[in-house]
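These notes are about the structure you will find just below.
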Amino acid sequence: MDLMDSAIEIKNVWKIFGNNSKEALNAIQNQRISKQEALEKYNSVIGVSDVSFDVKKGEIFCVMGLSGSGKSTLVRHINRLLEPTSGQILIDNEDVMKFDSKSLQDLRNKKIGMVFQNFALMPHRSVLDNIAMPLEIRGISKNDRLDAANKILDIVELQGWGNKFAHELSGGMQQRVGLARALAADPDVLLMDEPFSALDPLIRRQLQAEFIKLSKQMKKTTVFITHDLDEAVRVGHRIAIMRDGKVIQIGTPEEIVMKPVDGYVADFVKGISRLKIVQAKSIMQSVEKFEKEFGSIGKNLESVNENDLLNKLIEKSSIKDEPILVINKENKNIGIITQADLLKAVVEGSDGE
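Written as structure tokens, this is what we have:
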């Protein structure tokens, strides 16, 4: 996956709710008034506070935060369901804030698909007709749109359910239909707002796994909103953690877990298992450092790849009571992991202080 090019760029976006939003924003930026003062003086609520980030093409970018953090408000700016008070939003280097109504309609109908938490299926339409609806809006012929819908139905593994109605499907199946509908128009970008949070834990994990598999296959740029860090860590290539409308930290799941920027993020990651997140290259020490302290490395050490995860390292370590050699993709020795390094990696990820 090539993540070099940005599909989405969010630049210094503010959203202030209230009739005096411009005056409130001016006071926030120039007088440094607080969130409470903005409410008291201007009857304005800060929804999004000076947020900037980019999402690479083909990336699953998770925006994570508790209720009221601003994550769902933020995602609705990308397709301009909400208008920012200030800031810039670019999709494929085009400033969507400059789009007229026709361009904006094309953006929503052709370039961006959205999946909501509540499924939002039309009860009087069959599964196939629900999936085909974006193509119907585009004016695609009935035969062509039903052909496309049937193909998507296979992708989300709902073969045989096309003529059923929403109330005849389980919650997990309804969410698959919602995802299929978003995919039917073949958008470049998917916006997913807590898509699995209303589902039972087992169904939720199944759909997460299927979505990860699907995203590898279809390579859609995805902004995925969640309040669940376990889900963000499992699904996302990178994660942005929000609090009070601000982005606190952006990083890979490993960076978030290994190097939380403050106590707020540290509290979030405390209960996360590091076994399937932490990579060998993050906990290894250099060969030079090891040899300086312990002498030359042995000739028959177990070896691991630099990207191998902690659970595999522990498994390798249990084979021999010796350090593990870390190699890169060129098969060169780049580091050593001792039992002490492994223990430290595991213990620092526990619930203890």
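For the sequence shown, numbering that gives the first Met the number 0 begins at 0 and goes up steadily by one.
All C-beta atoms in this analysis are idealised placements derived from N, C-alpha and C, irrespective of residue type, glycine included.
Pick out the complete alpha helix (DSSP H) segments inside the region 137-205, 4 residues or longer, and give them in chain order.
With a minimum length of 4 residues, the continuous alpha helix (DSSP H) runs that stay inside the region 137-205 are 141-154, 170-183.
Does the beta carbon of aspartate 229 fall short of 6 Å from some heavy atom of the ligand COA?
No copy of the ligand COA appears in this structure; indeed no ligand is present at all.
Run through the region 215-270 for me and flag every whole beta strand (DSSP E) of 3 or more residues, listed as ranges in chain order.
For the region 215-270, whole beta strand (DSSP E) runs of length 3 or above, ordered along the chain, are 220-225, 237-242, 245-250.
Over the uninterrupted alpha helix (DSSP H) stretch that includes phenylalanine 293, give me the two end residues.
Mapped onto the sequence shown, residue 293 falls at position 294. Phenylalanine 293 -> alpha helix (DSSP H) spans 286-293.
Please state the DSSP three-state secondary structure of methionine 0.
Here residue 0 refers to the residue found at position 1 when the sequence shown is read from its first residue. In this prediction, methionine 0 scores a pLDDT of 43, lower than 50, which makes its location untrustworthy; no coordinate-derived value is stated.
Assign asparagine 18 to one of two classes, buried (16 or more other C-beta atoms within 10 Å of its C-beta) or exposed (fewer than that).
As a first step, residue 18 is located in the sequence shown; it is residue number 19 there, counting from the start. Flag for asparagine 18 reads exposed.
Can you name the residues that DSSP bridges to glutamine 278?
In the sequence shown, residue 278 corresponds to position 279, counting from 1. Looking at the DSSP assignment, glutamine 278 forms a beta bridge with Leu308.
Taking one C-beta from the region 53-60 and one from the region 205-225 each time, how about it: are there three or more such pairs within less than 8 Å?
Yes, the region 53-60 touches the region 205-225.
Quick check on asparagine 108: does DSSP put it in helix, strand or coil?
Residue 108 sits at position 109 when you count from the first residue of the sequence shown. Helix at asparagine 108.
Look up aspartate 53 in the DSSP assignment and give the residues it is bridged to.
On the sequence shown, position 54 is the one that residue 53 refers to. For aspartate 53, which the question treats as bridged, DSSP gives the partners Glu8.
Can you give me the Cβ contacts of arginine 144 inside the same chain, cut-off strictly under 7 Å, excluding the 5 residues immediately before and after it?
The residue labelled residue 144 in the question sits at position 145 within the sequence shown. Within the same chain, arginine 144 has close Cβ partners Ala131, Leu134, Glu135.
Could you tell me the distance, in whole angstroms, from the CA atom of serine 125 to the CA atom of alanine 26?
Locating residue 125 in the sequence shown gives position 126, counting from the first residue. Locating residue 26 in the sequence shown gives position 27, counting from the first residue. Computed Cα separation, rounded: 52 Å.
According to the neighbour-count rule (16 or more other Cβ atoms, all chains shown, within 10 Å of its Cβ), is asparagine 42 buried or exposed?
Within the sequence shown, numbered from 1, the residue matching residue 42 stands at position 43. Asparagine 42 should be labelled exposed.
Any idea if glutamate 193 is buried or exposed, counting beta-carbon neighbours within 10 angstroms, 16 or more meaning buried?
Along the sequence shown, read from residue 1 onward, the residue named residue 193 stands at position 194. Per the 10 Å Cβ criterion, buried.
If you draw a straight line from the C-alpha of leucine 190 to the C-alpha of serine 71, how long is it?
As a first step, residue 190 is located in the sequence shown; it is residue number 191 there, counting from the start. As a first step, residue 71 is located in the sequence shown; it is residue number 72 there, counting from the start. Each residue's alpha carbon lies about 10 Å from the other.
Could you have a look at valine 345 and say whether DSSP puts it in helix, strand or coil?
The residue labelled residue 345 in the question sits at position 346 within the sequence shown. Residue state, collapsed to three classes: helix.
Going by DSSP, what residues sit across from phenylalanine 210 in a beta bridge?
Here residue 210 refers to the residue found at position 211 when the sequence shown is read from its first residue. Answer by DSSP bridge pairing: none, since phenylalanine 210 is not bridged.
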